[in-house]
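Visitor:
Numbering (the numbering used here), first residue to last: 7 to 226.
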């Protein structure tokens, strides 16, 4: 019984997204908290949840964490937690009488944030429909803008390199960096945020291996 081969497309669309695309958790959080605050159970805790998600989103988009930096960060967090639990907290007390931080937010705030983020992310997604690279069996088609002319490059000597510069971005949207080299030294295409980078890599591997055997198949 023959093994079933993967069904890869004959044309591959590759799009690069701006960093704002990683704010989708804040969009979802704002929407859910809007519904909870307006229709279910208003609570001050919701404000703390929103600011925590906001901080994490800012943190992820502000810095690039390679695999080494990621594990160093995790190790540092664990060490700080252990120091607080076993050394600082048992011997240190703080009088918080009269000190309070109220992060309660009205449902209107969550609604406005949801609409703003939805509008911005929607524009980002729509804009990538008009700026992309399409790699076919015989050429690379680079489209920029709605009415602008397209660039074409041969596929014969195409090379590419996949990188994952940020572990957090890979966890969130399987995103990574893709460098496409059609052949000449001055023709280097760098796409910094490509979603589902591993899937795109497999599709490109299949396409390039197919192109390499195509002349023999035609001669036969």
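Glycine residues also receive a C-beta, built at the ideal position from the N, C-alpha and C atoms.
Bear in mind the structure is a predicted one, so any value in this text is a computation, not a measurement.
#1: Considering only their Cβ atoms, is the gap separating residue 71 from residue 211 smaller than 9 Å?
#2: Residue 187 to residue 64, Cα distance in whole Å?
#3: Can you say whether residue 152 is buried or exposed, counting buried as having 16 or more other CB atoms within 10 angstroms of its CB?
#4: Among 26, 35, 67, whose alpha-carbon lies nearest the alpha-carbon of residue 174?
#5: Determine, using beta-carbon pairs with one atom in the segment 197–211 and one in the segment 20–30, whether at least three such pairs fall under 8 Å.
#6: Please state whether the Cβ-Cβ distance between residue 48 and residue 113 is less than 9 Å.
#7: How far does the beta strand (DSSP E) with residue 197 in it extend, from its first residue to its last?
#8: Inspect the beta-carbon positions of residue 179 and residue 33 and report whether they are closer than 9 Å.
#9: What runs of the alpha helix (DSSP H), each 4 residues or longer, lie entirely inside the segment 11–61?
#10: Report the partner residues of residue 146 according to the DSSP bridge assignment.
#11: So, residue 157 versus residue 21, is the Cβ gap smaller than 9 Å?
#12: State the beta-bridge partners of residue 184 as determined by DSSP.
#13: According to DSSP, is residue 69 part of a helix, a strand, or is it coil?
#14: Give the single residue among 206, 117, 57, 38 whose Cα lies nearest to the Cα of residue 108.
#15: Would you say residue 35 and residue 18 are within 9 Å of each other, going by their C-beta atoms?
Guide: Looking at the coordinates:
#1: No; because the gap between Cβ atoms is not below 9 Å, this pair is not in contact.
#2: Take the alpha-carbon of residue 187 and the one of residue 64: they are about 32 Å apart.
#3: It is exposed - the Cβ of residue 152 has fewer than 16 other Cβ atoms within 10 Å.
#4: Cα-wise, what sits closest to residue 174 is 67.
#5: Below 8 Å, enough C-beta pairs join the segment 197–211 and the segment 20–30 to call them touching: three or more.
#6: Cβ atoms of residue 48 and residue 113: closer than 9 Å.
#7: First-last of the beta strand (DSSP E) with residue 197: 195–200.
#8: By the CB criterion at 9 Å, residue 179 and residue 33 fall outside the cutoff.
#9: Counting only unbroken stretches of 4 or more residues, the alpha helix (DSSP H) elements lying wholly within the segment 11–61 are 30–41, in sequence order.
#10: Beta-bridge pairing links residue 146 to 141, 159.
#11: It is not a contact, given that the beta carbons lie outside the stated cut-off.
#12: Note: residue 184 sits in a beta bridge opposite 168, 197.
#13: The three-state secondary structure of residue 69, taken from DSSP, is coil.
#14: Of 206, 117, 57, 38, the residue nearest in Cα terms is 57.
#15: By the CB criterion at 9 Å, residue 35 and residue 18 fall outside the cutoff.
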